[in-house]
Amino acid sequence: MMTDSTSLLVLFDIDGTLILSGRAGVRGMNAAFRRLYGADGVLDTVPIAGRTDRAIVGDGLSSIGLAPTDPEIMRLRDAYLEELPLELPRPAGEPSCVLPGVGALLDALEDLPGVHVGLLTGNFERGAELKLTHFDLWRRFSFGAFGDHHLDRRALLPVAIERACAAGLPACPPERVVIIGDTPLDVDCARTHGARALAVATGHYDTTALEATGADLVVPTLTDTSRLVRWTVTPPLSPSR
Numbered sequence: 162m163m164t165d166s167t168s169l170l171v172l173f174d175i176d177g178t179l180i181l182s183g184r185a186g187v188r189g190m191n192a193a194f195r196r197l198y199g200a201d202g203v204l205d206t207v208p209i210a211g212r213t214d215r216a217i218v219g220d221g222l223s224s225i226g227l228a229p230t231d232p233e234i235m236r237l238r239d240a241y242l243e244e245l246p247l248e249l250p251r252p253a254g255e256p257s258c259v260l261p262g263v264g265a266l267l268d269a270l271e272d273l274p275g276v277h278v279g280l281l282t283g284n285f286e287r288g289a290e291l292k293l294t295h296f297d298l299w300r301r302f303s304f305g306a307f308g309d310h311h312l313d314r315r316a317l318l319p320v321a322i323e324r325a326c327a328a329g330l331p332a333c334p335p336e337r338v339v340i341i342g343d344t345p346l347d348v349d350c351a352r353t354h355g356a357r358a359l360a361v362a363t364g365h366y367d368t369t370a371l372e373a374t375g376a377d378l379v380v381p382t383l384t385d386t387s388r389l390v391r392w393t394v395t396p397p398l399s400p401s402r
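In the numbering used here, the protein residues as written are 162 to 402.
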């Protein structure tokens with residue numbers, strides 16, 4: 162597979178980066194566990210931020226004494242995908258919105274030649290589609306890597322590059338990839354592969370916590386469109402890793 166050293170992939174996380182869903186995903190998964198197994202609040206003690214849905218579901222199953230086999234994970238996934246559309250429009254007393262600056266940044270990136278925008282998210286693929294369609298953002302992304310088949314978020318960057326190629330886009334080397342996310346695991350995924358990491362403090366982590374991860378750029382929000390676009394398309398003067 163030939164790589165293109167001039168094109169750029171910009172990969173967005175979803176929850177805490179593009180949107181807040183009022184914790185519809187957690188509520189939907191808890192509802193699926195309750196419906197299938199009669200267990201309440203399964204995810205209350207399971208770490209969520211930055212992890213893949215497969216890993217989250219696996220931990221949830223283990224916590225109620227079930228082996229996280231592939232058939233059992235897929236069974237829970239399918240039940241969750243039935244619950245999620247019910248939870249997304251339901252008032253929950255927590256923010257449910259597109260985060261500040263997202264629309265303007267996507268508009269600006271889409272107008273740049275050689276820049277291709279995709280997703281790198283721990284969400285199950287259909288869950289990502291349901292969430293982003295609810296906020297009219299799914300149409301903005303032509304490819305992505307999702308959390309259906311991998312426990313470790315690090316595995317998703319090669320998948321995203323492969324998915325970009327399958328969508329007819331150039332194969333960018335990792336150093337021509339920017340990952341935008343709100344958790345240390347987003348940054349870790351980028352650094353593992355030599356991609357650049359833009360960390361935004363609109364999720365569970367503040368700027369101090371994100372700066373400690375070694376992210377290439379940390380911002381409080383995605384609202385400074387001109388600065389973010391300029392940083393995104395300007396390669397570093399020397400390798401940062």
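C-beta: ideal position from N, C-alpha, C; glycine also. Fair warning: this is a prediction, and the values are worked out from it, not measured in the lab.
Less than 8 Å between the CB atoms is what I'm expecting for residue i and residue j, so what's the real figure, rounded?
i: Arg337; j: Leu169; result: 5 Å
i: Ile175; j: Asn284; result: 6 Å
i: Leu260; j: Leu383; result: 7 Å
i: Leu281; j: Ile340; result: 6 Å
i: Arg212; j: Arg314; result: 7 Å
i: Ala362; j: Asp343; result: 7 Å
i: Leu317; j: Cys350; result: 7 Å
Sorted by chain position, which residues of the same chain lie with C-beta nearer than 6 Å to residue i's C-beta, five sequence neighbours on each side aside?
i: Leu197; result: Ala240
i: Glu372; result: Val379
i: His354; result: Leu318, Pro335
Would you mind reading off the limits of the beta strand (DSSP E) that contains residue i?
i: Leu359; result: 357-361
i: Gly189; result: Unbroken run through Gly189 is the alpha helix (DSSP H), 185-198; no beta strand (DSSP E).
i: Cys333; result: Careful: Cys333 lies outside any beta strand (DSSP E) and carries neither H nor E.
i: Ile180; result: 180-182
i: Leu169; result: 169-173
i: Leu383; result: Where Leu383 is concerned, there is no enclosing beta strand (DSSP E), given that its DSSP letter is neither H nor E.
i: Gly342; result: 338-342
Residues in its own chain within less than 7 Å of residue i by CB, not counting five upstream and five downstream?
i: Ser182; result: Asp176, Leu249, Ser257, Lys292
i: Leu227; result: Glu233
i: Asp263; result: Checking the sequence shown, residue 263 turns out to be Val, not Asp. Cβ neighbours of Val263 beyond the five flanking positions: Leu179, Leu383.
i: Pro274; result: none
i: His295; result: Leu249
Considering Cα atoms alone, identify which of the options is closest to residue i.
i: Ala359; options: Arg195, Pro396, Leu330; result: The sequence shown places Leu at residue 359, rather than the Ala named in the question. Leu359 has its Cα closest to that of Pro396, out of Arg195, Pro396, Leu330.
i: Ala306; options: Asp297, Gly342, Arg300, Pro319; result: Pro319
i: Thr403; options: Pro252, Ala192, Ala332; result: Because the chain in this structure spans residues 162 to 402, residue 403 falls outside the shown range and cannot be described.
i: Asp205; options: Asn191, Asp214, Leu270; result: Asn191
i: Ala376; options: Arg212, His365, Asp347, Ser387; result: Asp347
i: Leu237; options: Gly186, Gly279, Thr374; result: Gly186
i: Glu255; options: Gly275, Gly221, Pro334, Arg184; result: Arg184
i: Met235; options: His311, Pro274, Gly264; result: His311
i: Asp188; options: Arg300, Pro246, Phe173; result: The question names Asp, yet the displayed sequence has Arg at residue 188. That would be Pro246, whose Cα lies nearest to the Cα of Arg188.
i: Pro335; options: Ala356, Asp349, Gly221; result: Ala356
i: Arg300; options: Asp268, Asp309, Gly308, Cys326; result: Asp268
Taking residue i as part of the alpha helix (DSSP H), name the residues at either end of that continuous run.
i: Gly219; result: 214-224
i: Val348; result: 345-354
i: Val203; result: Careful: Val203 lies outside any alpha helix (DSSP H) and carries neither H nor E.
i: Ala370; result: 368-372
Go through its chain and collect everything with a Cβ distance to residue i's Cβ below 8 Å, but skip five positions before and after it.
i: Ile225; result: Phe194, Tyr198, Ala200, Val203
i: Leu270; result: Val171, Val276, Val278, Val390, Thr393
i: Ala321; result: Leu170, Leu172, Gly279, Leu280, Leu281, Phe304, Gly305, Ala306, Val338
i: Phe302; result: Phe173, Val278, Gly279, Leu280, Leu293
Could you tell me whether any non-hydrogen atom of the ligand SAM is closer than 6 Å to the CB of residue i?
i: Asp214; result: Of the ligands one can find in the structure shown there are none, so the ligand SAM has no counterpart to examine.
Discussion item. Ignoring anything shorter than 4 residues, give me the alpha helix (DSSP H) runs that lie fully in the stretch 285-322, in order along the chain.
Written reply: 286-295
Worksheet item: Which runs of the alpha helix (DSSP H) spanning at least 4 residues fall entirely within the stretch 240-286, listed in chain order?
Response: 263-271
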